Each structure stands twice: as structure tokens, then as C-alpha cells.
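Okay, so here's the structure we're looking at.
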Amino acid sequence: MRQVVLDTETTGLEPEQGHRVIEIGCVELVNRRKTGRRFHRYLRPDRQIDRAAQHVHGITDEFLAQQPRFAEVVDELIEFVGGAELVIHNAAFDIAFLDAELQRLPGPARRMSDLCTVIDTLPLARQMHPGQRNSLDALCKRYDVDNSHRELHGALLDAQILLDVYLAMTGGQTALVLGEVTEIHVSVSHEPATAARPRGVLRVVRASDDELAAHERILAAIDKISGGKTVWRREALSVSRVADTEDLRGHAPLPVPA
1313 MRQVVLDTET
1323 TGLEPEQGHR
1333 VIEIGCVELV
1343 NRRKTGRRFH
1353 RYLRPDRQID
1363 RAAQHVHGIT
1373 DEFLAQQPRF
1383 AEVVDELIEF
1393 VGGAELVIHN
1403 AAFDIAFLDA
1413 ELQRLPGPAR
1423 RMSDLCTVID
1433 TLPLARQMHP
1443 GQRNSLDALC
1453 KRYDVDNSHR
1463 ELHGALLDAQ
1473 ILLDVYLAMT
1483 GGQTALVLGE
1493 VTEIHVSVSH
1503 EPATAARPRG
1513 VLRVVRASDD
1523 ELAAHERILA
1533 AIDKISGGKT
1543 VWRREALSVS
1553 RVADTEDLRG
1563 HAPLPVPA
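Quick note: the sequence shown uses the numbering used here, first residue 1313, plus one each step.
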């Protein structure tokens, strides 16, 4: 199974308002193993970055002025992600921006859903950890994934961190060895086994008078709190009647009259 963990950085929050993708980072997994293949591009958006967005990722307009446009790298991107299952944290955000970039291109309209299937790790985390914070940083702390080097958001860095978080969320590192199959031969005997009779005399330790008295005090307290619904007391009479009829030499109990 081929998966691609993907993240993007953008000029702002609203693709409908003309905000653009400025960084794409992808890391490949095959059968839950890191292959070492990755796709990483910075993109020239032909618009300014919102100040709030720049505080998040630290990417400047001056740096992006020297980078290729989305149209120049789209074929490489499609070749890398095509047919894979994308793993994205808060996928609706990234997919909306990538779809908007695809729709700006000439030719037949394309969408990411035409190229890939998507797993969104945000609702997955919310389902696994309801009522808790499920940001990427929070998940790193919960699953002991090192993100100490993450001072600012970055598409490739966040994709690499999300990869480790995703593996931990969905089975951890033990799942990485699923491809290594070892044959196990098990011999099954259909002959009935007979348990060996233990040797020696079974010692019976009975409660002391003090222990019985303490037990009765506890039952009385429970009985008071429950309004006389203590199950132990309700069953005690029938148990004691059976016990009184037992032959102490180990014979079966005598019938108890109704």
C-alpha cells in the first residue's frame, strides 16, 4: 500500500479570497515503511503573504520571488501523489488550496480527489481522544514524537512529523515489520489431557471470629446505604443452608428442603 503524507503552507487562510499555496511537502510510505522519497517545493504565489501567516511559517515574499509557480511543478506533484492515499492533518484546508491551484490551470478541470484518496488525521485523532487537544504539537506530546526542532511551521518538516505521529496513532513502530512473515509450525494433539491429581492434603484456612465480625460490620454498612439491597446478605441464607448440610469428609451436600 502506497501512502503520501502531505502538508502545505499558504499566503493566508481563504483560497476563495485568492490566497495561494507557497510550499508543498510530501513524504512517501509503502506498506508503512519510509521509502526515503519525498517531494518538496516552494512556490511563487504572485501575491503578498498575510502578516499573520508569515508569523506562522516565516516564509518571505522576497524568498518566494525566486521560486517556480505552481503550474511549473504541477506535473511533478501529480506524478508523486497520483494513485496514493494521502495522509493529511486537517485535510480540508490543504485539499481546498490544492484544488484551487488546479482550477487555475488551463485545460480540463481537475481535483485532488480525482488523483488520490485521503485520510484526515484530525478527525481520526478526535475520535481516538475526544475532548482533548489534537493539534500536531499536542499529538507529538501524546505519542512522544520529537518536534523540538519545529520552531516554525514548514510543509516538509510538518509532513515528516505527521508521518511519525500517524504511525504511532495507527499501530506504532510494530506495524513496520508486518511485511516480514515468519512461518510458525504448531503441532496440535487431539488426545484428551488428564490433569494430575495434586499430592498432599489441601489446607483449609477459615476466617477468625474477629474477621467474621469485621465482615459483618462492613455488610451492615453496605446494607444501610443500599436500603437493604445487599446481594451478599440476600444470598447468604441459601449458601449457609447448603454449607450446613455438607459432609466435612468431602461428600456432596445433602438436599436442602425448599
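C-beta atoms are modelled at their ideal positions from N, C-alpha and C, and glycine is treated no differently.
This structure is a prediction, so every number in the text was calculated from the model and none was measured.
Item	Value
Note down the Cα distance separating H1401 from L1434, rounded to an integer number of angstroms.	5 Å
Is it the case that the Cβ atoms of L1355 and F1392 are separated by a distance below 8 Å?	no
By the DSSP assignment, the alpha helix (DSSP H) with Q1305 in it spans what residues?	Past the boundaries of the shown model lies residue 1305; the chain is included only from 1313 to 1570, so the question cannot be answered.
With burial defined as no fewer than 16 other Cβ atoms inside 10 Å of the residue's Cβ, what is the status of L1524: buried or exposed?	exposed
May I ask you to report which of helix, strand or coil DSSP gives H1352?	strand
What is the DSSP secondary structure of C1452, counted as helix, strand or coil?	helix
So, are the CB atoms of L1475 and V1317 less than 8 Å apart?	yes
Looking at the secondary structure, which residues open and close the alpha helix (DSSP H) in which L1341 lies?	No alpha helix (DSSP H) holds L1341; the beta strand (DSSP E) holding it covers V1333 to V1342.
Looking only at C-alpha atoms, which of P1357, R1345 and E1340 sits nearest to F1351?	E1340
Among A1408, A1471, L1376 and A1526, whose alpha-carbon lies nearest the alpha-carbon of G1337?	A1471
First and last residue of the beta strand (DSSP E) that includes I1407?	Element bounds for I1407: not the beta strand (DSSP E) but the alpha helix (DSSP H), A1403 to Q1415.
Name, in chain order, the residues that DSSP records as bridge partners for I1400.	D1432
Go through its chain and collect everything with a Cβ distance to F1409's Cβ below 7 Å, but skip five positions before and after it.	T1320, T1322, P1327 and V1333
Would the beta-carbon of E1384 fall within 8 Å of that of I1431?	no
If we call anything under 8 Å between Cβ atoms a contact, is Q1395 one with A1365?	Per the sequence shown, the amino acid found at residue 1395 is Gly instead of Gln. Not in contact: G1395 and A1365 (Cβ atoms no closer than 8 Å).
How close, in whole Å, do the beta carbons of A1437 and L1451 come, if the pair is a contact with beta carbons under 8 Å?	6 Å
Mapping the DSSP letters down to three states, classify E1321 as helix, strand or coil.	strand
With H, G and I counted as helix, E and B as strand and the rest as coil, what does DSSP make of V1316?	strand
Whole angstroms is fine: what's the gap from G1348's alpha carbon to R1363's?	34 Å
Please report how far the alpha carbon of Q1415 lies from the alpha carbon of E1388, in whole angstroms.	17 Å
May I ask you to list the residues that DSSP assigns as paired with R1345?	V1342
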